[in-house]
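Protein chains in written order, with the working numbering: chain H, 1 to 311; chain V, 312 to 622; chain L, 623 to 933; chain F, 934 to 1244. To keep things clear, I will list the structure first and then write my remarks on it.
4 protein chains.
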Amino acid sequence: MHEDLKKVRHIKTEKMMTCGKLVEQMEKSGVMGAGKVAKATKVIEDMIRDKECTVFLGLAGAMVPGGQKQIIIDMLKDGWVDVLVTTGANLTHDLIEALGYHHYQGTHLISDEELNRKKIDRIYDAFMPDEVYQGLEKFCKKVFAKMPKEEMDIKEFLWLLGKEVPKEDSILRICAEKKIPIFCPALSDSGIGLQVWGYMQENQIKVSAFADLKQIIDITWTSEKNGVIYIGGGVPKNYVQQALQFAPTSASYAVQITTDRPESGGSSGAELREGISWGKLNRKAKYVNVTCDATIALPLISAAVKERLNR
Amino acid sequence: MHEDLKKVRHIKTEKMMTCGKLVEQMEKSGVMGAGKVAKATKVIEDMIRDKECTVFLGLAGAMVPGGQKQIIIDMLKDGWVDVLVTTGANLTHDLIEALGYHHYQGTHLISDEELNRKKIDRIYDAFMPDEVYQGLEKFCKKVFAKMPKEEMDIKEFLWLLGKEVPKEDSILRICAEKKIPIFCPALSDSGIGLQVWGYMQENQIKVSAFADLKQIIDITWTSEKNGVIYIGGGVPKNYVQQALQFAPTSASYAVQITTDRPESGGSSGAELREGISWGKLNRKAKYVNVTCDATIALPLISAAVKERLNR
Amino acid sequence: MHEDLKKVRHIKTEKMMTCGKLVEQMEKSGVMGAGKVAKATKVIEDMIRDKECTVFLGLAGAMVPGGQKQIIIDMLKDGWVDVLVTTGANLTHDLIEALGYHHYQGTHLISDEELNRKKIDRIYDAFMPDEVYQGLEKFCKKVFAKMPKEEMDIKEFLWLLGKEVPKEDSILRICAEKKIPIFCPALSDSGIGLQVWGYMQENQIKVSAFADLKQIIDITWTSEKNGVIYIGGGVPKNYVQQALQFAPTSASYAVQITTDRPESGGSSGAELREGISWGKLNRKAKYVNVTCDATIALPLISAAVKERLNR
Amino acid sequence: MHEDLKKVRHIKTEKMMTCGKLVEQMEKSGVMGAGKVAKATKVIEDMIRDKECTVFLGLAGAMVPGGQKQIIIDMLKDGWVDVLVTTGANLTHDLIEALGYHHYQGTHLISDEELNRKKIDRIYDAFMPDEVYQGLEKFCKKVFAKMPKEEMDIKEFLWLLGKEVPKEDSILRICAEKKIPIFCPALSDSGIGLQVWGYMQENQIKVSAFADLKQIIDITWTSEKNGVIYIGGGVPKNYVQQALQFAPTSASYAVQITTDRPESGGSSGAELREGISWGKLNRKAKYVNVTCDATIALPLISAAVKERLNR
């Protein structure tokens, strides 16, 4: 039986080797985490090269405080991704940086009482000064006042917000500029959501909780093929999965990068193959679950895919 | 230094010992996971006994397919919990069971292709027949038709839904009956959400994405004290945390049960103490992170708290 | 298909319910972690009741500092376990307590620099005064002096040590008294090992690194049936697995409790079913992997098995 | 406070960027997993460059089946590592490959019953034909016959074995050739150990269980400085830690790559800083815990360190 299988070739590292070369070595090893990183690179390359494929990026976790913003922006700018589904937190942290604030390199081994006294909010080992909320409020108030009084869906609301973002290196702004649909079903669960609430106390702004569903379902139902990239789980993953469930074409390509586990049954840690039972993933799909901190795996995969696409 | 500390007393198990007695033994050991389960029992007991405390239950993960529904219902019925924040999935699976369907004891070691052919949806090792969606659609259409045409918030929508639930052992119904606020910011990301979308194709139903924020913030701001129980992370945890962030009284009691990890920086796996920096958790709060599959820890804690409250 | 499957029955907790009753409820739920705890209880009950079965307990992790010593002692005393395979650390901490020292309830959120100054050794949130090493040295010197000069195997060495242990509630002593074989292949990797080394500087003591292999292999090869319980992974698990590999009867019963993961390929986190490929686990074996902190799952299982055996 | 901190700079990936450049970007981000990979690269570079530092490599997990053998060999050949401490499994798989056998790229989603029938042993998703044991036996018998009859320590035994290894790309052989001490306290817990046992049935071979302790302790006690790299935990990590505990100079540099967790108290998952309390790690040490599958993080770090050392 094993005669038909590929041998595990040992990874050979070299000084000055490119990320693409390293992933090529991982592909030759073909097993464990390294093999999965290599497979993820290949599946992402394939879904980008497949002109018929609509690519969904589901984005959860602290990707902006975690230093991954530029990688996401490049994925959007370079046309790798057609639809973004995200937590409100990632958009809020993106907007905060676009307003001129920063996240800082801290430590998780610190007294949170001390941070509280110093008005620093901690996100594991990233620090954020609490003063960002004042800038956020000021900006939002100004922008919200320009918004239409009619009911919007969340995507429209976010595009309107994105158009006003002052800095270029922003997820929100690039989506608004390139008209990339952003879905954020739980936007109310974020700093931006809080600003909407604050504004609603004295002003009118109407955003429908369900209207976006039509849009994302229209996309999955009219695509020739669908491909999904899930960074973390949560609502972003589940929302794309659900839009695929009854679609005529389930996902043909799928990559998931998360450290969440399947055993407790939650959607975040569920293995991609589970989606086959539901009709969310195609029986013949190319897919791989990368069990890794996304801040490690994603940059490596990003660099390797860039190298491959330019060959 | 160690002279002032309690000794680790070894857990002694006995035949016919009650769950409360076992947790008492864990309290005497006082370390590692067992010590945390014991502390969680104590903190939950304390927040229930504290008449001034409003208790929030954040519920993520496959709690209904995972056999935890009755424990949640008891928490709501027995007055342990004042506010429920949940994923749409838990409400959808609750409703599906209330319509007479069931989840089944399966296995994760099975071909998902085979399940797909047999129209069985897999949730790790729980199986659900795909036919539930027909019953769900039929029920929802009937109930949605009775709903008001004016804009609702999600809580109102869920109470209206809950009132129509045919079976008594339902999370939705008990919340509707007891007027326990249910917050579900990402309801559109669920089977119920899909039904709303389907209904909206030909009918009108208006649900605001942000209106609930006012309600939950009103609750946190007017409570004498706040206590939180997070089963899993995701939106339910973050939504409660956010409502506490600027409240005059941050949480005085907090228990978290999850296997998610802090290192990647996401909110789901963040240690509770991180909330102190943000002002979400009180510096003097009683709190504990239980790193455990909730389907194991929650039943034990539930039984032990019931025993303690009846002493 | 699902008509043939058992329904997920929701766990119902009650005040004063016994641990056995709780596990019975978990058995009726039958899925996720709770279902696995219930299955582990059943498999352990079955292997104990099976008179033909030789039961191996593989013990890794901080079970003594973690408050689990009495549970292990009961398993040995009550005849649940026929062979103990353990890390040297568990025996060292057991001996330390038998010499009158204690572990203490500390915290992992403390400055290790401060602990170092105060001569406290930390094991996650358990503390141990560094002075234990003086007592350990004194005791070992005295006992080693009585030992034979001929080459021993590790099991003989540990029995000789165990006979001299002053307190009754000791893993080492109960094994010595009941002539339960203790295998500890990496004994040199422990405080007891360090004492042997110290003693060897000026005295002679001969312990063979390989002689025990004959003994454990003799046991697995002559047993009618084999059953295994792995608490944690490491050398204890692997050593039993290896002794089963070429045995005429691979394991018929197997339970593993660990939070280690399979993806990186190490033996500690490997799923039990992997052992079927190697011939270590029988194709028809009853087995279950419990993914849980052992300090939580083991006490509950221990109490439930005691209750069942007394029905 | 945050004014004194470095900003989180977002990782920028480029086509054809070298691994060293990628890690440089991770260093600028400075947080979460990426920040830790960058710090690990720096700490390893520093310990290699520090001429006074003796570097210990603790190696657990399926590093040879996992395609990491060449990286380990390079670390030994290029003089990065002065002392190797390993599981017996890694040496056994290394020897098996040196005898001309291979590991194969399989899958974990397969029937282990089927593999058993086909005589394939599974190591997560790596396959190994069971026939390797015949070649192993033949080789070992031949080599053991040449060994001295006097008592050896395990290191001497492994060097003698390594000298006879037929292929060059072998961990065992390179250690024998370069006289790099290999410590393998639990060698009896491995395929090589089984061969020794088989041979001992009819022949004499004497290996002391404790004699190596003198050697490793001599090394830690006479080094100017000590540095440690732990890939996985288990006995290799603990054995080095123990040799450092009472040494005049505890570790000045430390890197740990593992997915094991600290909460259950075991040594494998313990955070490095815990070692400060024990006196195993210097209060002023440079150290970092990388929570990642080593087959992903190690190749990236290896390539980046090679690049830095050649600048």
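Every residue, glycine too, gets a C-beta built ideally from N, C-alpha and C. From a predicted model like this one, the values you see are computed outputs, not experimental measurements.
Residue environment: L:S890 is assigned as buried (16 or more neighbouring CB atoms within 10 Å of its CB, all protein chains considered). Secondary structure at L:V912: strand, using DSSP grouped into helix, strand and coil.
By the rule that beta-carbons nearer than 8 Å mark a contact, F:Q1178 does not touch chain H.
About 5 Å separates the beta carbon of V:D523 from that of V:D464, a gap short enough to meet the 8 Å contact definition. For V:Y510, the enclosing alpha helix (DSSP H) covers residues G502 to M511. Across the stretch 941-965 of chain F, CB contacts with chain V closer than 9 Å involve V964 and M965, in sequence order along the chain. At a cut-off of 8 Å between C-beta atoms, L:P788 does not count as an interface residue with respect to chain V. The beta-carbon separation of L:D915 and V:G346, rounded to 10 Å, does not stay under the 8 Å limit for a contact. No Cβ-Cβ contact shorter than 8 Å links L:Y852 with L:C675.
Around F:I1234, the same chain offers V970, A973, T974 and I977 as residues with beta carbons nearer than 7 Å, after the five sequence neighbours per side are excluded. Along the stretch 648-727 of chain L, the beta strand (DSSP E) occurs as fully enclosed runs of 3 or more residues at 675-681 and 705-708, listed in sequence order. The stretch 428-443 of chain V makes no contact with the stretch 514-531 of chain V: fewer than 3 CB pairs, one atom from each, lie closer than 8 Å.
The three-state reading of DSSP puts F:Q1189 in strand, counting E and B together. The stretch 415-492 of chain V contains, as complete beta strand (DSSP E) runs of 3+ residues, the segments 431-434 and 437-440 (chain order). The count of Cβ pairs closer than 8 Å, one atom from the stretch 864-880 of chain L and one from the stretch 1036-1047 of chain F, stays below three, leaving the stretches out of contact.
Scanning its chain for C-beta atoms nearer than 6 Å, with the 5 sequence neighbours on each side dropped, one finds around L:P687 the residues H715, H725, I745 and A748, in chain order. Taking a C-beta distance under 8 Å as the contact criterion, L:K637 and V:K548 do not qualify as a contact pair. When C-beta distances to chain V are compared with 8 Å, the residues of the stretch 1170-1198 of chain F below that value are R1194, E1196, S1197 and G1198, in chain order.
At a cut-off of 8 Å between C-beta atoms, L:S845 does not count as an interface residue with respect to chain F.
A Cβ-Cβ contact shorter than 8 Å links F:Q1001 with F:T1228.
With a cut-off of 8 Å on Cβ pairs, the stretch 697-708 of chain L is not in contact with the stretch 873-887 of chain L, counting fewer than three such pairs. Counting only the Cα atoms, H:E271 lies some 26 Å from H:H2. For the stretch 1103-1134 of chain F, residues whose beta-carbon sits nearer than 7 Å to a beta-carbon of chain L comprise P1118, A1119, L1120, S1121, D1122, G1126, L1127, V1129, W1130 and M1133.
A residue is called buried once 16 or more other Cβ atoms fall within 10 Å of its Cβ, and F:P1081, having fewer, is exposed. By the neighbour-count definition (other C-beta atoms within 10 Å, threshold 16), V:Q445 is an exposed residue. Residue environment analysis places L:D734 among the buried positions, since at least 16 neighbouring C-beta atoms fall within 10 angstroms of its C-beta. At the C-beta level, F:S1103 and F:A1031 come within 8 Å of one another. For chain L, the residues of the stretch 284-311 of chain H that bring a beta carbon within less than 8 Å of one of its beta carbons are T291, in chain order.
Proximity to H:K284 across H:R308, H:Q256, H:T249 and H:R311 peaks at H:T249, based on C-alpha coordinates.
Only exposed fits F:R1244, as fewer than 16 other CB atoms lie within 10 angstroms of its CB. Taking CB atoms only, L:H730 has a neighbour in chain F less than 8 Å away. Per DSSP, V:K536 is not a residue of any alpha helix (DSSP H); the beta strand (DSSP E) it occupies stretches across K536 to I542.
Minimum Cα-Cα distance from V:V518 among the listed residues V:P496, V:E535 and V:G538 corresponds to V:P496. CA-to-CA, the gap between V:M374 and H:V255 works out to about 26 Å.
Using beta-carbon distances, H:I96 does not count as an interface residue toward chain V, since no partner is under 8 Å.
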